[in-house]
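Heads up: the sequence shown is residues 0 to 591, going by numbering that gives the first Met the number 0. Beta carbons: idealized from backbone N, C-alpha and C, even for Gly. This one's a predicted model, so the numbers in the text were calculated from it and none came from an experiment. Quick notes on the structure that follows.
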Amino acid sequence: MEKIERKTVEEVTLFGIGASPGIAIGVSYVLDRTRIRPVERAIAPTEVAVEIEAFRKAVRVSKKQLEDVKRGVADRRLAEHLHIIDTHLLILEDQLLVDDSIALIEKNLINAEGALKRTLDKFRGVFETIEDEYLRERRSDIDFVGERLLRNLIGTTQQSLPQLDQKSIIVAHDLSPADTMQMDKSRMIGFVTDVGGRTSHTAILARSLGIPAVVGLETATALIRERLPVIIDGSSGVVILNPGEATLKSYLEKKQLYEFHQKELLSYRQLAAETLDGHRITLRGNVELPDEVDLACQEGAQGVGLYRTEFIYMNRTGTPSEEEQYRAYREVVERMAPNPVTIRTLDVGGDKLVSHIDLSDEANPALGLRAIRFSLKEETLFTDQLRAIVRVAAHGRVRVLFPMITGLAEIRRCKELLEKARADLRAEGYDCEARIEVGIMIETPSAVLISEVLAREVDFLSVGTNDLIQYCLAIDRGNEHVAYLYEPLHPAVLRALQMVCQAAASAGIESGVCGEMAAEPLYALVLLGLGFDELSMNATSIPRVKRILRQVSRSEVVELVTELLEFGTAQDVLRRLGEVLLERFPDIIPVN
Ligand code: PEP
Ligand code: MG
């Protein structure tokens, strides 16, 4: 670490969104990336040609700058994200953007700067009514391109990217993906921004590069001066300015511990998830975006256990076509080959809202028209998705997973529609011969209670513990007032999980868990002991889970879980689990 100038100034803690984990300790480098303010001005008809040419030139210069960024990227970890720059180039080529701006100059007799501002405002307006985070972030693509165009138009050069002379934490209002790609990675040890969320491109890039980042701080650029001692914790979203001696010491220790674990975990990536007594369990990744597949592979995922397809529906203003879905799925399937990809059909409703899908106001949305109920009601939309899934099966091993099943009739109807999609596609000349394994999510008490019946109808069962716990314990998973009752180790939950495992085993099919429970090492042990064959989780948790699984024997865990199933409260279960395991694995942070 570089020497940090100490001053007797007050320590300040800011809270943002942890966008890329890890701890960085260094000095700030504040980048001037605040928005410029275009000024609209009336022009004389004789100035129209000049303004149009100025506008066209700004487009040409912006394109060239972005092409240069692309050419300059040598880092392999960044190369896979170059499509973001392509998206920005496409925006520059958008006829609407160009034609509308030129039309405004001609018809309204305003300068290019003012015309561009009006066009960009109109573009942004399209996104304004949309609530989901992912799409909001895509609006930032227009902002980044608009900002670049405006600067080139006005002729203000952006503060050039820093030639950092020491390891620095970059502080900016926002960082465009192009900025991030151009930075000197050896000196940029972290960054903080005023805006952005976990799914912003910049956050995704930071995770790929393994650089800690905290975003969405709102006031970072206002509060952080140049060359200020700063600590950022990209896991918790905490940023500390002017850390005192005690804070600095504690974060140096945390940083060391984090890096030690990361290094140690690296060694687990390519090892099998095998217990000491030779029992293997399959660890897969949960993905929401095709971009996450490479990370899942790197972390050692043996396929995708849950591909949440709602994200394709969210990233747009209208419903995606069969072709668009097919292309997105194909990207995931090909990147993951030869390992399987489990495509979960659309799970909207409840807390998952998609702006362009109109769900009527319901008093109890979690118990209303959501997931498979919605798909079975909207058969045309569902069929488009099933057709895309059938088509993509020609490119790799594909499994389909139906969410929130409560009974046999739903499965039968889903299978009928799947077979109809296959027959239609075959008649249209598509190659549809590849087998698609059919699975269901066990998320409702009803599905648990008849899991033995349901298991005979499908190829695999996958438990969505996030929802199963909600429905089993009657606790709204998004309501903070009852969050204390959300207990994964509740005896009712454990018994439900046991029933599902046993049902799958007696039908001779595989059982897995793809809810958050699978990602927590202590819970993962319980799931191993219960007999699950597969655990699917966010990619970065895979090495941690694998590490603990490799340090136990299955027989001892089965014995422990048998004992846990006898307890009457979650607290008793946790206490016993803690007693037995924390002694052996002191570095596991206890769950509460
Ligand atoms: C679950 O319910 O556990 C699950 C994996 O699905 P989601 O969180 O997307 O509802
Ligand atoms: Mg669910």
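Nearest to L149 by alpha-carbon distance, out of F122, A114, D164, M180, is A114. If you keep only unbroken alpha helix (DSSP H) runs of at least 4 residues inside the region 400-428, you get 407-426. In chain order, the residues positioned with their C-beta nearer than 6 Å to some heavy atom of the ligand PEP are L305, R307, D346, E442, G463, T464, N465, D466, C513, G514. Within the DSSP bridge table, the entry for N285 names L305 as partners.
The DSSP-derived three-state label of R343 is strand.
Nearest Cα to L563 within the set E555, S554, S552, R575: R575.
Its chain contains L103 as the residues whose beta carbon lies nearer than 7 Å to that of R117, once the 5 sequence neighbours on both sides are disregarded; these appear in chain order.
Under the Cβ criterion (8 Å, minimum of three pairs), the region 183-199 counts as touching the region 19-31. For the pair I474 and L467, the CB atoms are not nearer than the 8 Å cut-off. Taking the Cβ of P402 as the reference point, at least one heavy atom of the ligand MG falls within a distance shorter than 7 Å. Taking all protein chains in view, the Cβ of G406 is surrounded by fewer than 16 other Cβ atoms within 10 Å, so the residue is classified as exposed. A direct Cα-Cα distance of roughly 58 Å separates L375 from Q165.
Just so you know, the alpha carbons of I435 and H489 end up roughly 35 Å apart. Going by DSSP, T379 is part of the alpha helix (DSSP H) stretching over 378-391.
Just so you know, the alpha carbons of A271 and R279 end up roughly 7 Å apart. Counting of Cβ neighbours within 10 angstroms places H480 among the exposed residues, the total staying below 16.
The C-alpha of L108 lies about 5 Å from the C-alpha of I42. The Cβ-Cβ distance between I83 and P176 falls below 8 Å. Annotated as distal: A433 and A387, with beta-carbon spacing of 8 Å or more. DSSP places G71 in the helix class (H, G or I) of the three-state scheme. Taken through DSSP and simplified to helix, strand or coil, F459 comes out as strand. Under DSSP, R398 shares a beta bridge with T341, E436.
Membership of S554 in the alpha helix (DSSP H) is indicated by the continuous run 553-563. M536: member of the beta strand (DSSP E) spanning 533-536, first to last residue. If you ignore the 5 residues before and after R543, its C-beta comes within less than 7 Å of the C-beta of L264, P520, all in its own chain and listed in chain order.
Boundaries of the beta strand (DSSP E) harbouring L240: 237-240, taken from the DSSP string.
A distance below 8 Å between beta-carbons, with the five flanking residues on each side excluded, links Q384 to the following residues of its chain, in chain order: T308, E321, Q324, T344, L345, S374.
In terms of Cβ geometry, V340 and V303 form a close pair [threshold 8 Å]. A direct Cα-Cα distance of roughly 9 Å separates L534 from V462. The C-alpha of N465 lies about 25 Å from the C-alpha of G15.
Residue P37 holds the alpha-carbon nearest to the alpha-carbon of N151 among E333, H80, E509, P37. Under the DSSP assignment, G577 falls in the alpha helix (DSSP H) whose first and last residues are 569-583. Per the Cβ contact rule, the region 83-96 is in contact with the region 57-69 (3 or more Cβ pairs under 8 Å). Taking the Cβ atoms as the reference, I239 lies roughly 45 Å from E558, outside the contact range of under 8 Å. Shown here for A362: not one same chain residue has a beta carbon closer than 7 Å to its own, the five before and five after excluded.
The criterion of a C-beta distance shorter than 8 Å is satisfied by I311 and A327.
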